Amino acid sequence: MRRQTASAVFELCWESGLARHTDITCTDSLNLWRDYLPPGLEALAESGPGTRLETRLPKEEPVPPRSRDRVVSVAPEQFDRHFRRGMTIEPRLGRFYPVGILQRLPGYSRGDRMPCRCVALEEKRLRFDLNHPLAGRDLRLAGELVARHDGGGPERGGLARDWALEAASGGPGMQALEPDLEVDFRSDDPFARLDEEPDERFYAIPRLAHHLDDTALARLSAFHGRMLRPGGRVLDLMSSWTSHLPGTLALERLTGLGMNREELEANPRLDERLVHDLNADPRLPFADESFDAVLCALSVEYLVRPRELFREVRRVLRPGGAFLVTFSNRWFPGKAIQLWPQLHEFERMGLVLAWFRDAGGFGELETWSLRGLPRPGDDKYSARLGASDPLFAVWGRRTGEAV
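Just so we're aligned, residue 1 is where the sequence shown starts under UniProt numbering, counting upward by one.
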C-alpha cells in the first residue's frame, strides 16, 4: 500500500444561522499509506471503490475551538488600505480579509493569507476575528473512495495530508451569515462596473463558446439534474446557447430569457425565447406562480439590481419552487459588478445568500461547492491550471407566506 494512491471525494456538511452548507473537495492523490483520515473514515484505506463512510468531527479538530484570544484589536492605521496594488481597500463590517493586511500584528507577516473577519469598526480601534471560519461549528465529513491507483502517484517528499483539514480549508465557513453580525455588502458603490456601456450593445455580438472546462460543465448539468423534477416548467434566466441541463431531463416547458436572440435560437432545449435586459428592467414578463423552478447559471455576478430581480423570481415561482443560482470563478471583468472580484469565492456565496434573505419569501436556503476535480487533459488551460473550474451554488425555495 505504501505507493498506492486513490481518487476520493470528501463532503463537509454544516449549518449556520441562515442556511445549510455542503462543501465538496475532490482529489486523485490520496496517499493510502501516508495521509491522515479522521476516526470513522480510516477504513477507506482498506476499502474498494464505491465505499462511502461518514463521521462527525470532534470539536477540537481539524478546526481549533473558537477562542476569544483570537479576536484582536488594532489601530485603524494598521489596516493596510493599499494591500492590493492599484486599489484602495476600506475595512467593512463582516467582511473577510487576508490576515497579512493587518500590519505589525505579532506572529503574522504580509504574506499570510489566512482569513480574518472584521467584527467591529470603532473610531479609534478595529476588531478582527482570527478564528477559523468554521470554528465552533458542528461538522460532519463523508468520504468516498472513487478509484485506487496501484501504480502509485508522485511522491511528495514525506508530506502527509490531513484530509479533514483539507476539506475545511481554503474557504468553507466564509459564506455564513449570522444574525448578530450584519455584513456590509452595500458600501463603496458595489454595483458599479468597469464597462458601463449599455448591456444591449455589449451583448449584441453572439458568443457561442463555453467559459468553463468540460468537467465543470458536466458537473453543473448533473447538479441541475439532481435539483430539478422531471415534467416541470422551468425559467432559465440570463440564458444563452446552452441551459446546462442533462439530456435525459424531460421538462414540460423550458423558457429562456437572455440578451442575444441568436444565442437563444441556438439553444435546442428552449421551448420559448425572450430577449430582455434584466439590468434595465428586472421585472419578469410572466404571470404570478408560472414556474416550478428558476435557474441563473454563471451570470449572477452581472446583476446590478439583484434584490429587485430576486423578488420578481419569488413572484413567478410556485410555492415550494426552487431558485438555483450557480457560478464559478470566471467572468467578463468589464461587466461584473465591482464588488464581485473584491470578495473571496466562498464569500460570494454569502453575498448571494444575502440577496435571498433581503428579497424575502425564500426558505430552505442552502449552499454547495465543488473543488479539486482534475481538468481535462485536452483543455487549453490544463498545463497551467491543472484543476477543473470550481462550482458554487446557492438556492432557496419559495415559501407560501405573503411578503
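Yeah, the Cβ is synthetic: ideal placement off N, Cα and C, and Gly gets one too. None of the values given here were measured: they were computed from a predicted structure.
Counting C-beta atoms within 10 angstroms of its own C-beta, M87 has fewer than 16 neighbours from the protein chains shown and is therefore classed as exposed. By the neighbour-count definition (other C-beta atoms within 10 Å, threshold 16), P172 is a buried residue.
With distances taken between CA atoms, R330 lies nearest to A216 out of A216, L145, S109 and L264. M114 and G400 have their alpha carbons spaced roughly 41 Å apart.
Boundaries of the beta strand (DSSP E) harbouring R148: R140 to H149, taken from the DSSP string.
Put simply, the backbone Cα of D162 is about 49 Å away from that of R273. When rounded, the separation of the alpha-carbon atoms in T248 and A359 is 33 Å. The beta carbon of V325 is closer than 6 Å to those of C296, V300, V352 and V394 in its chain, skipping five residues each way along the sequence. Burial is judged here by how many other beta carbons sit within 10 angstroms of a residue's own beta carbon; H82 has fewer than 16 and is exposed. If you draw a straight line from the Cα of G256 to the Cα of T242, it comes to about 10 Å. Taking a contact as a CB-CB distance under 8 Å, the pair S16 and E178 counts as one, their CB atoms being some 7 Å apart. Spanning the alpha carbons of F323 and A168 requires a straight line of approximately 27 Å.
For N31, same chain residues with a beta-carbon under 6 Å away, outside a window of 5 residues either side, are T5 in chain order.
Across the structure, R140 and L37 are spaced so that their CA atoms are roughly 13 Å apart. By the Cβ test, the region 39 to 51 is not in contact with the region 91 to 108, since fewer than three Cβ pairs between them sit closer than 8 Å. Residue pairing for S73: DSSP places it in a beta bridge opposite R127. Shown here for S369: same chain residues with a beta carbon closer than 6 Å to its own, the five before and five after excluded, namely D23 and F392 in chain order. Runs of beta strand (DSSP E) with 3 or more residues, each lying fully within the UniProt domain "Methyltransferase type 11" (252 to 324), are found at 253 to 258, 272 to 275 and 291 to 297, listed in chain order. Fewer than three Cβ pairs drawn from the region 175 to 191 and the region 256 to 267 lie within less than 8 Å of each other, which leaves the two stretches out of contact. Counting C-beta pairs with one atom in each stretch, the region 218 to 233 and the region 280 to 294 have three or more that are closer than 8 Å, which means they touch. Classified as buried, P62 has 16 or more neighbouring CB atoms from the shown chains inside 10 Å of its CB. Judged by DSSP in its simplified three-state form, H224 adopts helix. Where G396 is concerned, the enclosing beta strand (DSSP E) starts and stops at L391 to R398.
Secondary structure note for A354: its alpha helix (DSSP H) is the uninterrupted segment E345 to A359.
With distances taken between CA atoms, R92 lies nearest to C116 out of G361, H244, C116 and A218. Per DSSP, R384 is one residue of the alpha helix (DSSP H) stretching across S382 to L385. Here F327 is bridged, per DSSP, to F392. The residues T25 and P390, in chain order, have a CB closer than 6 Å to that of R371 in the same chain once the five nearest residues on each side in sequence are set aside. For R201, the enclosing alpha helix (DSSP H) has its first and last residue at D199 to F202. The closest CA to that of P246, considering only M227, M238 and R261, is found on M227.
Using a Cβ distance threshold of 8 Å, L278 and L317 do not count as a contacting pair. The three-state reading of DSSP puts I205 in coil, since its state is none of H, G, I, E or B. A Cβ-Cβ separation of about 56 Å leaves A160 out of contact with R283 under the 8 Å criterion.
In the displayed model, W33 falls within coil according to three-state DSSP, outside both helix and strand.
Counting along the chain, the unbroken beta strand (DSSP E) around A8 starts and ends at T5 to E15.
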